[in-house]
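S.K.: If you use our numbering, the sequence shown closes out at 227, no skipped numbers anywhere. Think of the CB as a built atom: it goes at the ideal place given N, C-alpha and C, for glycine as much as any other residue. Starting off with a structure, shown below.
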Amino acid sequence: MKNIFFISLTFSIFLLFGCGSKVLFKEDFDSYSGSVQIYPSGPPDDIIKTVGGPPGPIVDNNHRLVFTPPSGTAKLISDNYSDSDNAKTIYWEGNFSLADGPMWFIISAGNSSGDIGNAPHLKMTIWSNEVILEEYVSTSNEFQQLQDPADISNVHNVFISLRPKSMSYHITISSSLPQIVWPGSLTPEFVNHIKNNSRILVHAIYPNEAAPAKYFMDDIIMREKK
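See the structure below:
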């Protein structure tokens, strides 16, 4: 989605985080349309693996990644990062249409398989009007809520910064409602998992529990920042 409403925000993010950084993944889907299983993306090693469907996630005529029922997953796999201590950032433009959702976004690290399994990860759940953040606790095999539910509109921009060196994260979510700002701490397990792997992984999942809806993703960018 090329929404003028967010141009100034995107430019501000570029100014703040584009300098002194390495692009690990970048996809605006302008080169694709229809249902395909693997998209070459950005640097040569970057790929998106789609799982589930048909219809599953597809690229529509407006060049956006679209999730519709039945459930499906897109595994977003970054290029190798060069320094495990550097900050890792993730950005995308999202839009819910027709119903509330939700969508799940699983944030972790791994290899080119894109698999996460029971590894440490964050889980962001987005509805058309609300978002929450949780962390997977492997010792209990449960999720622990990190941030209280916050209001969000159906059209939104998400920016996530993972900072292994300071064992922290910083998340901003911009929409037509007041901006959400979530700072917080990363567990040693999560930090060690980032340091012991070479790629950032994001699983975008349309879960079975979702009400029939459409979710659009566009302009996905992952960076490594010194």
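(1) Grouping DSSP H, G and I as helix and E and B as strand, with all else coil, what is Glu190?
(2) How big is the Cα-Cα spacing for Thr74 and Phe144?
(3) In terms of DSSP beta bridges, what is Pro184 paired with?
(4) Within 10 angstroms of its Cβ, does Ser32 collect 16 or more other Cβ (buried), or is it exposed?
(5) For Glu94, which option in Gly102, Arg65, Pro70 and Asn87 has the closest C-alpha, if you only look at C-alpha atoms?
(6) Have a look at Leu123 and Asn198 and give me their C-alpha separation to the nearest angstrom.
(7) Report buried or exposed for Val132, applying the criterion of at least 16 other Cβ atoms within 10 angstroms of its Cβ.
(8) If you reduce the DSSP assignment to three classes, tell me which class Glu210 lands in.
(9) Taking only three categories from DSSP, how would you classify Ile153?
(10) Chain B beta carbons: is any one of them nearer than 7 Å to that of Asp84?
(11) Mind reading off the beta-carbon distance from Ile78 to Gly115? Whole number of angstroms is fine, and I expect it under 8 Å.
(12) Among Asp61, Asn158, Pro70 and Ile206, whose alpha-carbon lies nearest the alpha-carbon of Ile222?
(13) With three or more C-beta pairs closer than 8 Å as the rule, is the stretch 175–193 touching the stretch 204–215?
(14) What is the C-beta distance between Lys193 and Asn96, in whole angstroms, given that I count them as a contact (C-beta under 8 Å)?
M.R.: The structure says:
(1) helix
(2) Approximately 20 Å, taken between the alpha carbons.
(3) His171
(4) exposed
(5) Arg65
(6) Rounded to the nearest whole angstrom, the CA to CA distance from Leu123 to Asn198 is 16 Å.
(7) buried
(8) coil
(9) coil
(10) Judged by its chain identifiers, the structure shown contains no chain B, having just a single protein chain.
(11) 5 Å
(12) Sorting Asp61, Asn158, Pro70 and Ile206 by C-alpha distance to the C-alpha of Ile222 places Asn158 at the top.
(13) no
(14) Looking at the sequence provided, one finds Asn at residue 193 rather than Lys. So it is not a contact: roughly 35 Å between Cβ atoms.
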